[in-house]
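Numbering (the UniProt record's numbering), first residue to last: 1 to 374.
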Amino acid sequence: MLITLISSPVSKVIAYTEKESSSFTKDEIKTLESSSGTGTSEKVKAEFKGLLEKLFSERNEAVVCGDCELLKNFYDLNIKVSLWAYESEAKKTQYLINWSEKQYVQFKDLKSNVKIRKVVEKEPGLFGIICDVATDFNYYYLDSPDVINHFRLGTNHYINLKKNGDKYIITKEWYTDPFADSLDMDNIKSDEIKDYIISRNAPEFNPNERLQNAINYAHKYCGVSEDEEFTFKYNSKYKNHNPDGGDCANFASQILHEGGNFKKNGAWNYDGKDGTKAWLNAQGFKNYMLGSGRASYIAKGNYNKVYKAAFNMRPGDFVAYEKKGRITHISTVTGFDSKGYPLVTCHNTDRLLVPYDLGWSNSNIKFHLIHVHY
1 MLITLISSPV SKVIAYTEKE SSSFTKDEIK TLESSSGTGT SEKVKAEFKG
51 LLEKLFSERN EAVVCGDCEL LKNFYDLNIK VSLWAYESEA KKTQYLINWS
101 EKQYVQFKDL KSNVKIRKVV EKEPGLFGII CDVATDFNYY YLDSPDVINH
151 FRLGTNHYIN LKKNGDKYII TKEWYTDPFA DSLDMDNIKS DEIKDYIISR
201 NAPEFNPNER LQNAINYAHK YCGVSEDEEF TFKYNSKYKN HNPDGGDCAN
251 FASQILHEGG NFKKNGAWNY DGKDGTKAWL NAQGFKNYML GSGRASYIAK
301 GNYNKVYKAA FNMRPGDFVA YEKKGRITHI STVTGFDSKG YPLVTCHNTD
351 RLLVPYDLGW SNSNIKFHLI HVHY
């Protein structure tokens, strides 16, 4: 399976923890966004593009090798914020390693493509950078190494790089975090789960025209389309609600209406600038779809309770993610991997054909698996 980790300007939703704000504050991000600096110099952008591609290449190697020690070359662990940035990245790398063990897969041939949006020299030898990153992760199930699967994932990076001798080190970093709710894997790693997953096969699936159009729409406008014309782009007919708190339900509604030809109504509606709660809000969307009869439950509960039922999901269905009693995210199923594992496509963070639980592994996350009646 190919994961493309794409850092996208359209996927920008900022949520700060105390340590993250110490690493890159909200004001620092705003200042960097508004600064002109050296951002217009294509020569400077090209220089840092090569440097950052090397950095992300080494990060990718850490995932493939299962060795977080490889990350240390890019940080000064004697500087507190650089140490925090390293620790945060090491946790995310370890999560990917742990998830691959749970899933009984091996990552291989990860590759990143960096798009520099801005470079600002903050002081001599210290540069603030905003960049979009596309990282392709290939992986395969260990019992079928010849079958490669793939998906894409979007993030947006703010990095401070400081000249340190003959190299640059990361002194600060923040990026839209696809793994914020996923760093605790101990509760779901078991041989029973692994054995069940590898016993499965992808089902035959023949979508009707409405459903195929919905899938096509999702893949085109997810912000990380494999069609380069639409990479980093949403449908301009709709407002990007990421700065307002999230665009996931808006995109799920678009998939149903624009792709699947579900008709708008008084409760579920969008007028070109704004929409109803059922259209825009994750909790409202889930409640509307069930209450209207347009959808019905397959299963709900934590991962251990739903992972078997998840194999009954089909493209067009959706997953609603519950945290602290509220639905906080919506993803639409648009495919399977080689074992029939459901793959989802969504906005914030932008995902294209990503395993539905990747990034949602903490014990306080509940999954609502919901079938849509096309």
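The C-beta atom is built at its ideal place from N, Cα and C for all residues, glycine as well.
- DSSP, read as helix, strand or coil, puts residue 134 in strand.
- Between residue 76 and residue 83, the C-beta spacing is below 9 Å.
- By DSSP's assignment, residue 354 forms a beta bridge with 344.
- Contact between residue 133 and residue 97 fails: their C-beta atoms lie close to 20 Å from each other, not under 8 Å.
- Per DSSP, residue 174 is one residue of the beta strand (DSSP E) stretching across 167-175.
- Of 269, 236, 127, the smallest CA-CA separation from residue 253 is found for 269.
- DSSP places residue 302 outside any beta strand (DSSP E), giving it a letter other than H or E.
- For residue 70, no alpha helix (DSSP H) segment is defined, and its DSSP state is neither H nor E.
- Under the three-state reduction of DSSP, residue 98 is assigned to helix.
- Scanning its chain for C-beta atoms nearer than 8 Å, with the 5 sequence neighbours on each side dropped, one finds around residue 274 the residues 239, 280, in chain order.
- With respect to residue 260, residue 372 sits close: the two C-beta atoms are nearer than 9 Å.
- Within the UniProt domain "Putative amidase" (212-370), the complete beta strand (DSSP E) segments at least 3 residues long are 295-301, 318-323, 326-336, 342-346, 351-355, listed from N- to C-terminus.
- Look at residue 179 here: in three-state DSSP terms it is coil, with no helix or strand label.
- Counted as a single uninterrupted DSSP element, the beta strand (DSSP E) harbouring residue 158 occupies residues 156-164.
- Its Cα nearest to that of residue 289, the residue 320 stands out among 311, 315, 320.
- Note that the stretch 89-105 does not touch the stretch 116-133; fewer than 3 beta-carbon pairs, one per stretch, sit closer than 8 Å.
- Note on residue 331: 16 or more other CB atoms within 10 angstroms of its CB, so buried under the neighbour-count rule.
- By the CB criterion at 9 Å, residue 81 and residue 154 fall outside the cutoff.
- Membership of residue 29 in the alpha helix (DSSP H) is indicated by the continuous run 26-34.
- Rounded to the nearest whole angstrom, the C-alpha separation of residue 333 and residue 114 is 28 Å.
- Our two residues, residue 366 and residue 50, have alpha carbons roughly 41 Å apart in a direct line.
- Here residue 47 carries a helix assignment [DSSP, helix/strand/coil].
- For residue 116, the enclosing beta strand (DSSP E) has its first and last residue at 105-123.
- Residue 149 is bridged by DSSP to 139.
- Between residue 178 and residue 349, the beta carbon gap of about 4 Å places them in contact (Cβ cut-off 8 Å).
- Around the beta-carbon of residue 149, 16 or more other beta-carbon atoms lie within 10 Å, marking it buried.
- As the crow flies, the alpha-carbon of residue 247 is around 14 Å from that of residue 272.
- Per DSSP, the beta-bridge partners of residue 129 are 119, 159.
- Rounded to whole angstroms, residue 147 and residue 197 show a C-alpha spacing of 15 Å.
- For residue 26 and residue 33, the gap between their C-alpha atoms comes out near 11 Å.
- Beta bridge pairing from DSSP links residue 372 with 295.
- Sequence-distant partners of residue 304 (beyond 5 residues in either direction) whose C-beta falls short of 7 Å from its own C-beta, in its chain, are 188.
- Within the same chain, Cβ atoms closer than 7 Å to the Cβ of residue 72 are found at 86, the five residues on either side in sequence being excluded.
- The Cβ atoms of residue 315 and residue 161 lie no closer than 9 Å to each other.
- Judged by their CB atoms, residue 292 and residue 309 are not nearer to each other than the 9 Å cut-off.
- The closest CA to that of residue 144, considering only 339, 362, 48, 351, is found on 339.
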